[in-house]
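Residue 109 in UniProt numbering is what sits at position 109 of the sequence shown, and the numbering runs on without skipping anything.
Idealized CB from N, CA, C, for every residue including glycine.
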Amino acid sequence: MRVLVALGGNALLRRGQKPDADLQQDNVRVAATSLAELAREHELVITHGNGPQVGVLALESADDPNLTRPYPLDTLGAQTQGMIGYWMLQALQNALPGRQVICMINQTLVSAVDPALADPTKFVGQVYDRAEGERLAEENGWTVKPDGPYWRRVVPSPAPQRVVETRLIRNLVRDGIVVVCAGGGGVPVIRDDKGRLRGIEAVVDKDLTGSILAETLECDAFLILTDVPRVMRNFGTPEQQEIGHTTPHELRELDFPAGSMGPKVEAACRFVETTGDMAAIGRLDQASDILQGTAGTIVTPNATWPLASTL
1 MRVLVALGGN
11 ALLRRGQKPD
21 ADLQQDNVRV
31 AATSLAELAR
41 EHELVITHGN
51 GPQVGVLALE
61 SADDPNLTRP
71 YPLDTLGAQT
81 QGMIGYWMLQ
91 ALQNALPGRQ
101 VICMINQTLV
111 SAVDPALADP
121 TKFVGQVYDR
131 AEGERLAEEN
141 GWTVKPDGPY
151 WRRVVPSPAP
161 QRVVETRLIR
171 NLVRDGIVVV
181 CAGGGGVPVI
191 RDDKGRLRGI
201 EAVVDKDLTG
211 SILAETLECD
221 AFLILTDVPR
231 VMRNFGTPEQ
241 QEIGHTTPHE
251 LRELDFPAGS
261 MGPKVEAACR
271 FVETTGDMAA
281 IGRLDQASDI
291 LQGTAGTIVT
301 PNATWPLAST
311 L
């Protein structure tokens, strides 16, 4: 079976943790142990978040007196793809001796006229209390918005159209190679009036990129792995309830936060609606159980549709 896993940024740097390199590498090693279980039995493609890491590097770049201007977000996106990809590559190689693993830096094509470019919504960087977030926003020209009890920087997040290197990824997967790719949703690029690719100041949602990539790679299952066990109905209210097996139609009847669970639900729904296959959202350490349909929120075209593990 071919499986694409979109690994949440919180799985690599949990809320409240300092962006220490050793700590993040420890988190990656834990993630690799869980993902290695899937790779032993299935063709595996892995994408990952980079929001906290991009935010940290953006702040360092803005404060560096040796730079005439800060590095742009597309460049920082490529930098974090390489950094996290290296950690993931090494951890998976150690967890899967003898198995070939590769990390790729990818570009994701977006539309130059996407209205999202004028409406920042994507959270990047560390969390702050309100006073600190507003101070940094004023100093650096950022836009900040509340993210649960915290405040974080937000940047434009245009819709992904296609991962530019999709054909190359497909060839690698067919050869049995575990591919780590499209980190942070890939570096956002547009085509100019001469058809040339050019990076832009934005961040693409990794889950939506993962959904498109899973579709074009003809994956049998699309797993979005994060730090929560299941999607919640009426989250944060006395009526809060875990959602087990559901359908895109049922999920679209509910409201989810645009800055957190909303894109994950949308990505899962799109994949299921387009392919007729299975998507799921759940905890990283339950990856194998999620694929078997015994954990997480399982999304299929209808309530009786067979799970990926039975196909």
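Does DSSP classify residue i as helix, strand or coil?
i           : result
residue 280 : strand
residue 184 : helix
residue 107 : strand
residue 100 : coil
residue 42  : coil
residue 151 : strand
residue 88  : helix
residue 36  : helix
residue 311 : With a pLDDT of only 48 at residue 311, under 50, the local geometry of the prediction cannot be trusted, and no value is derived from it.
residue 169 : helix
residue 130 : helix
residue 55  : helix
Please tell me whether residue i and residue j are closer than 8 Å, where the distance is taken between their beta carbons.
i           : j           : result
residue 124 : residue 155 : yes
residue 291 : residue 38  : yes
residue 297 : residue 230 : yes
residue 1   : residue 220 : yes
residue 104 : residue 32  : no
residue 85  : residue 180 : yes
residue 146 : residue 207 : no
residue 189 : residue 217 : no
residue 300 : residue 237 : no
Round the Cβ separation of residue i and residue j to the nearest angstrom and send it over; I've been treating them as touching at under 8 Å.
i           : j           : result
residue 49  : residue 7   : 7 Å
residue 119 : residue 151 : No, residue 119 and residue 151 are not in contact; Cβ-Cβ is about 18 Å, not under 8 Å.
residue 47  : residue 183 : 7 Å
residue 114 : residue 159 : 6 Å
residue 203 : residue 157 : 6 Å
Shortest alpha-carbon distance to residue i belongs to which of the options?
i           : options               : result
residue 302 : 273, 285, 284 and 287 : 273
residue 19  : 59, 1, 46 and 293     : 59
residue 26  : 249, 187, 197 and 92  : 92
Sufficient close CB pairs (3 or more, under 8 Å) joining the segment 42 to 54 to the segment 77 to 90: yes
Are the segment 206 to 215 and the segment 89 to 102 touching, with three or more C-beta to C-beta distances below 8 Å? no
The segment 218 to 228 contacting the segment 279 to 298, beta-carbon criterion three pairs below 8 Å: yes
Do the segment 159 to 166 and the segment 67 to 74 touch if we need at least three Cβ pairs shorter than 8 Å? no
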